[in-house]
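All remarks here apply to the structure that follows.
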Amino acid sequence: MMDQEQWTEWFSEYEFLLNRWTSRFPKGPLQEEAMQIARIACWRRLPSYDPARGASLQTYLFRAVQGALHNWYRRYEARWLERHYLPAPVEGRELWENEVEDDALQPLDEDLVWQSYLEGLPQDEAQFLTLHYKNGFSLPEVARIMEIPYERLKKRKQRCLVKLRQKYGYKETI
Numbered sequence: 085m086m087d088q089e090q091w092t093e094w095f096s097e098y099e100f101l102l103n104r105w106t107s108r109f110p111k112g113p114l115q116e117e118a119m120q121i122a123r124i125a126c127w128r129r130l131p132s133y134d135p136a137r138g139a140s141l142q143t144y145l146f147r148a149v150q151g152a153l154h155n156w157y158r159r160y161e162a163r164w165l166e167r168h169y170l171p172a173p174v175e176g177r178e179l180w181e182n183e184v185e186d187d188a189l190q191p192l193d194e195d196l197v198w199q200s201y202l203e204g205l206p207q208d209e210a211q212f213l214t215l216h217y218k219n220g221f222s223l224p225e226v227a228r229i230m231e232i233p234y235e236r237l238k239k240r241k242q243r244c245l246v247k248l249r250q251k252y253g254y255k256e257t258i
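For the sequence shown, the working numbering begins at 85 and goes up steadily by one.
Set out below in structure tokens:
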């Protein structure tokens, strides 16, 4: 087992890999937590690394970190959904907050959430964001659909994201 100084030295050498492996998470608390999960996975799995089995250290740790991140994210997503459910309407009577039953929960309507998120943006910007982020079209595809030059659409994307960050109080760039 390594002592604290050896671990500090090891992580200073391999931290760039952990940064690369957790870069798909948005910057901020979520990425920091992912980094901690990655560090813990390395700490747990490094003592059992055996180079005689054929895998490089980087490959071995990548698989361990990806598995740990996958498991953590599934649990994180489940906790998020538990907190973001609304009570389902009960026919024949109005629901008061103290009458909500656990089995009468339903997920938020994604379309309503999306519309409220884009509220206040001009129609063309809301259409662009819906096509690109919600419907998954690439920027060139959106440019063809909206009949806008690709370069102008890239600039519009930057402006839209800045507006949304300011509207919702995000200080970091994505």
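Glycine included, every Cβ here is placed at the ideal spot set by N, Cα and C.
Given a cut-off of 7 Å on the beta-carbon distance, is the pair residue i and residue j in contact?
i, j, result
"L301", "A227", "Look at the range of the chain in this structure, 85 to 258, and you will see that residue 301 is not part of it."
"Q244", "E203", "Here residue 244 is Cys; the residue named in the question, Gln, does not match the sequence. The answer is no: Cβ separation not under 7 Å."
"I121", "W94", "no"
"A125", "A139", "no"
Report, in whole angstroms, the separation of the C-beta atoms of residue i and residue j, which I expect to be a contact under 8 Å.
i, j, result
"L75", "M119", "Residue 75 is absent from the model: the chain starts at 85 and stops at 258."
"M230", "Q211", "7 Å"
Please report the straight-line C-alpha distance between residue i and residue j, rounded to a whole angstrom.
i, j, result
"M86", "P135", "17 Å"
"K251", "Y201", "10 Å"
"T92", "H154", "25 Å"
"E97", "R137", "23 Å"
"L205", "G112", "25 Å"
"E225", "E116", "34 Å"
"R58", "Q207", "For residue 58 there is no data in the structure shown, the boundaries of the chain being 85 and 258."
"H325", "V197", "Within the shown structure, residues of the chain are numbered from 85 to 258, placing residue 325 beyond reach of any answer."
"L114", "Y160", "10 Å"
"I258", "S107", "Note on I258: pLDDT 44, under 50, position unreliable in the model; no value is reported."
"R129", "P110", "26 Å"
"Q150", "T143", "10 Å"
"R123", "I232", "45 Å"
"L223", "W127", "41 Å"
"K247", "K239", "13 Å"
Compare the C-beta of residue i against all C-beta atoms of chain B and say whether one is closer than 7 Å.
i, result
"T92", "In the structure shown, chain B does not exist; there is a single protein chain."
(message) Restricting to runs no shorter than 3 residues, where is the beta strand (DSSP E) found entirely within the region 108-172?
(response) Correct list: 169-171.
(message) My parser needs the alpha helix (DSSP H) runs of 4 or more residues fully inside the region 215-258; what are they?
(response) The qualifying runs are 223-230, 234-252.
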